[in-house]
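Numbering (this note's numbering), first residue to last: 8 to 681. Even glycine gets a Cβ: it sits at the ideal position worked out from N, Cα and C. Since the model is a prediction, treat every value here as computed from it, not as a measurement. Take a look at the structure set out below.
Here it is, written out as structure tokens:
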């Protein structure tokens with residue numbers, strides 16, 4: 008007989024599994040009814056083991072606190088929801104006993120450090136709007152393990168929980184958030200005035216660790232101990248040759264601007280620009296105010312400065328504080344290559360040239376490229392940091408599971424290494440989507456948050472795929488329109504945050520959509536990953552948008568809908584194509600291999616071969632996946648598959664041509680021919 012602990016573990020595991028299937032959440036009573044429906048005998052098991060103690064439902068509700076403290080479950084307004092950490096826990100600990108044991112471990116750790124969590128709760132609730140804190144710094148401040156603090160924040164969701172980000176100002180990857188959770192997190196930050204449109208929060212909006220226990224007095228002051236940064240600074244044409252190089256400076260400003268001093272707040276800079284530079288339009292004033300504020304307060308001594316004069320690129324190191332003269336802010340700079348300019352196209356690190364192509368931006372944060380720039384100014388390693396993502400090799404284990412030769416799978420990986428877009432095409436039932444999903448899981452190391460699947464259809468649009476405006480209820484209950492990121496934009500942002508990890512977007516039925524309409528200006532980036540484009544809705548702000556090198560696209564194409572020959576040349580040039588056809592390896596051998604592995608007779612494979620022999624149009628031949636199920640072992644099961652799945656396909660193919668589909672392709676006719 009199972010013990011109470013074993014039954015409780017089952018209840019917890021089943022309950023969280025059901026919540027994982029219901030992302031909108033369930034009320035406690037609804038969840039309990041769903042558990043009883045899935046495990047109808049569990050109450051009897053409980054009564055037999057409890058000897059009249061507390062009931063199963065009450066124990067389940069009480070024990071759910073352990074899942075909350077583990078960060079796997081959170082409750083709001085009476086609704087229970089699974090977290091990204093909870094989904095990860097279900098995947099990592101599929102055995103209910105191990106799952107519950109791990110939850111209890113986190114619960115004990117919370118009780119041991121309860122006072123520290125209470126202090127954190129008080130602190131983050133008082134963080135001013137528009138500012139954020141580092142998870143690691145706040146954990147160190149209160150002697151808490153960072154991963155435990157993250158779990159507590161995800162489960163309890165105290166006021167201001169979303170203001171705790173990783174040290175780079177990003178949503179912590181360790182939270183394993185889903186795309187819906189990420190959207191909610193970003194919306195809460197945006198409502199607080201924290202913008203992650205560029206993938207991370209503004210560093211100047213971070214409250215440093217040493218400020219966490221005392222009132223914040225000067226949040227605009229730069230953190231001198233923060234990691235080194237890099238900046239693109241540009242001014243008028245020939246500014247480098249005429250002024251910057253001879254005086255060893257760089258500058259930013261407008262002749263009519265009043266004096267600004269270091270420490271001036273963002274609001275004060277914006278007010279000065281709006282009043283003094285009224286001749287500029289509103290977007291120009293907003294951009295300049297943001298750049299001037301960064302030039303004053305974010306750039307520090309020893310930061311790297313990059314500028315270009317045409318195709319010539321110059322690098323320097325900041326040596327002084329900001330000064331003001333005749334409308335312009337200046338920084339002293341020691342220029343390293345005044346007489347030996349780099350070439351914009353040939354000498355810059357991978358990806359950097361795309362970031363600095365925007366002709367309208369005069370100040371761009373290039374801190375992501377510090378490690379690449381250090382060797383170019385004579386510091387650090389002499390080797391340029393490689394940003395090339397490494398795809399894992401195909402394995403014999405994966406090939407065996409997919410019933411394909413390892414050499415064939417290795418060729419698919421090799422194609423993706425050469426060109427990061429690949430399409431599996433073929434008739435229905437050839438396993439295109441299944442193979443794409445399995446390959447994506449392998450390439451990403453089985454990280455579900457690194458894989459997204461979308462399905463194209465005639466009504467699918469750029470706004471669905473990348474980004475577009477959607478109606479939202481505002482704070483005053485009015486309807487507003489908010490720019491919402493689509494699956495490609497979200498996955499691209501995630502890939503940029505983890506440049507060493509592969510991310511895969513699967514586009515099912517890619518040929519059913521209007522590709523020019525869906526991809527828009529992004530079509531160009533499929534071929535030129537090192538270039539950037541201006542986005543339709545301008546959400547890239549001062550940066551051109553680029554597709555990261557570690558984002559791979561796997562498409563599937565049903566040739567019964569549209570022949571590969573009809574695909575436009577632009578698409579063919581941007582994708583590699585791999586055929587999966589019932590008459591060609593590896594698909595032609597798949598069913599026979601599966602039947603052999605399952606110790607089943609080979610009749611289904613012989614029937615499928617005879618069926619496809621009778622179909623003249625190769626694009627309408629039938630794939631093996633319809634028959635790769637245990638029910639083919641019985642005559643009734645095989646007839647049901649033929650009647651409900653295979654014959655309807657062929658009736659559509661022969662619609663209007665007078666062919667008697669059942670007589671030509673029915674099981675009796677095929678068996679008579681064997």
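One question on the structure: do residue 53 and residue 25 come within less than 9 Å of each other, judged by their Cβ atoms? Contact flag unset, no.
Going by other Cβ atoms of all chains shown within 10 Å of its Cβ, with 16 needed for buried, is residue 487 buried or exposed? Looking at its Cβ environment, which holds fewer than 16 other Cβ atoms inside 10 Å, residue 487 is exposed.
Would you check if the distance between the CB atom of residue 431 and the CB atom of residue 587 is smaller than 9 Å? Yes, Cβ-Cβ distance for residue 431 and residue 587 is below 9 Å.
Could you round the C-beta distance between residue 593 and residue 639 to whole angstroms and report it? I think they count as a contact, below 8 Å. Residue 593 to residue 639, Cβ: 20 Å. No contact.
Output needed for residue 41: all residues of its chain with C-beta closer than 6 Å, excluding positions within five of it in sequence on either side, in chain order. Cβ-Cβ distances below 6 Å link residue 41 to 25 in the same chain, with the five nearest sequence neighbours on each side left out; the list follows chain order.
Please report how far the alpha carbon of residue 275 lies from the alpha carbon of residue 140, in whole angstroms. Their Cα atoms are separated by approximately 24 Å.
Residues in the same chain with beta-carbon distance under 7 Å from residue 671, minus the five sequence neighbours each way, listed in chain order, please. Residues of the same chain with a CB within less than 7 Å of the CB of residue 671, apart from the 5 flanking positions on each side, are 621 in chain order.
How far does the alpha helix (DSSP H) with residue 93 in it extend, from its first residue to its last? Its alpha helix (DSSP H) spans residues 91-99.
Please report how far the alpha carbon of residue 226 lies from the alpha carbon of residue 501, in whole angstroms. In this prediction, residue 226 scores a pLDDT of 37, lower than 50, which makes its location untrustworthy; the coordinate-derived value is nonetheless stated afterwards. Spanning the alpha carbons of residue 226 and residue 501 requires a straight line of approximately 28 Å.
Please check if any C-beta of chain C sits within less than 9 Å of the C-beta of residue 172. In the displayed structure, chain C is absent; only one protein chain is listed.
What residues in its chain sit with their C-beta under 7 Å from that of residue 10, if we drop five residues either side in the sequence? Same-chain partners within the cutoff: 56.
Looking at the secondary structure, which residues open and close the alpha helix (DSSP H) in which residue 256 lies? Here residue 256 belongs to no alpha helix (DSSP H); instead the beta strand (DSSP E) covers 256-260.
With DSSP as the reference, please indicate the residues paired to residue 510 in a beta bridge. Paired residue(s): 558.
How close, in whole Å, do the beta carbons of residue 344 and residue 318 come, if the pair is a contact with beta carbons under 8 Å? Between residue 318 and residue 344 the Cβ distance is about 14 Å, and since that is not below 8 Å, they are no contact.
Quick check on DSSP: helix, strand or coil for residue 655? Taken through DSSP and simplified to helix, strand or coil, residue 655 comes out as helix.
In or out: residue 268 buried (at least 16 other Cβ within 10 Å) or exposed? Under a 10 Å Cβ-count criterion, residue 268 is classified as exposed, with fewer than 16 other Cβ atoms of the shown protein chains found around its own Cβ.
What are the partner residues of residue 314, as DSSP defines its beta bridges? Here residue 314 is bridged, per DSSP, to 321.
Starting from residue 341 and walking both ways along the alpha helix (DSSP H), at which residues does that stretch end? Per DSSP, residue 341 belongs to no alpha helix (DSSP H); it is in the beta strand (DSSP E), 335-342.
Would a C-beta distance cut-off of 9 Å place residue 322 and residue 313 closer than the cut-off? At the C-beta level, residue 322 and residue 313 come within 9 Å of one another.
Any idea if residue 84 is buried or exposed, counting beta-carbon neighbours within 10 angstroms, 16 or more meaning buried? So residue 84 ends up on the exposed side.
Spatial neighbours of residue 208 within its chain, please: CB distance less than 8 Å, with the 5 preceding and 5 following residues excluded, ordered by chain position. 139, 172, 176, 177, 196, 201 and 202.
Please go through the same chain and pick out, in chain order, the residues whose beta-carbon is closer than 7 Å to the beta-carbon of residue 676, but skip the five residues on each side of it. Closer than 7 Å at the Cβ level, and outside the excluded window around residue 676, lie 670.
Taking C-beta to C-beta, are residue 626 and residue 566 nearer than 9 Å? In contact: residue 626 and residue 566 (Cβ atoms closer than 9 Å).
C-alpha gap between residue 491 and residue 513, whole angstroms: Answer to the nearest angstrom: the Cα atoms are 20 Å apart.
Suppose you measure from the CA of residue 557 to the CA of residue 428; what does that come to, to the nearest Å? Residue 557 and residue 428 have their C-alpha atoms spaced approximately 11 Å apart.
Just to confirm the assignment, what range does the alpha helix (DSSP H) spanning residue 118 have? Per DSSP, residue 118 belongs to the alpha helix (DSSP H) from 103-119.
Could you tell me which residues DSSP puts in a beta bridge with residue 332? For residue 332, DSSP records a beta bridge to 335.
Apart from the five residues just before and just after residue 646, which ones in its own chain have a Cβ nearer than 7 Å to its Cβ? Taken in chain order, the residues that qualify are 674.
Could you tell me if residue 103 is buried or exposed, where buried requires 16 or more neighbouring beta carbons within 10 angstroms of its beta carbon? Burial call: buried.
As assigned by DSSP and simplified to three states, the class of residue 441: Residue state, collapsed to three classes: helix.
Flag this pair as touching only if the stretch 112-129 and the stretch 145-154 have three or more C-beta atom pairs under 8 Å; answer yes or no. Judged by Cβ distances under 8 Å, the stretch 112-129 makes contact with the stretch 145-154, as three or more pairs qualify.
From residue 449 to residue 307, what does the alpha carbon distance come to, in whole angstroms? So the two alpha carbons sit approximately 43 Å from each other.
Need the endpoints of the alpha helix (DSSP H) that residue 472 sits in, please. Where residue 472 is concerned, the enclosing alpha helix (DSSP H) stretches over 469-472.
Who are residue 213's beta bridge partners in DSSP? Beta-bridge annotation (DSSP): residue 213 is paired with 139.
Counting pairs of beta carbons, one from the stretch 453-467 and one from the stretch 648-662, are three or more of them closer than 8 Å? Taking one beta carbon from each stretch, the stretch 453-467 and the stretch 648-662 have fewer than 3 pairs nearer than 8 Å; the two do not touch.
Closer than 7 Å by C-beta to residue 1: which residues in its own chain qualify, once you throw out the five before and the five after it? Chain order, please. Since the displayed the chain opens at 8 and closes at 681, residue 1 lies outside it and no answer follows.
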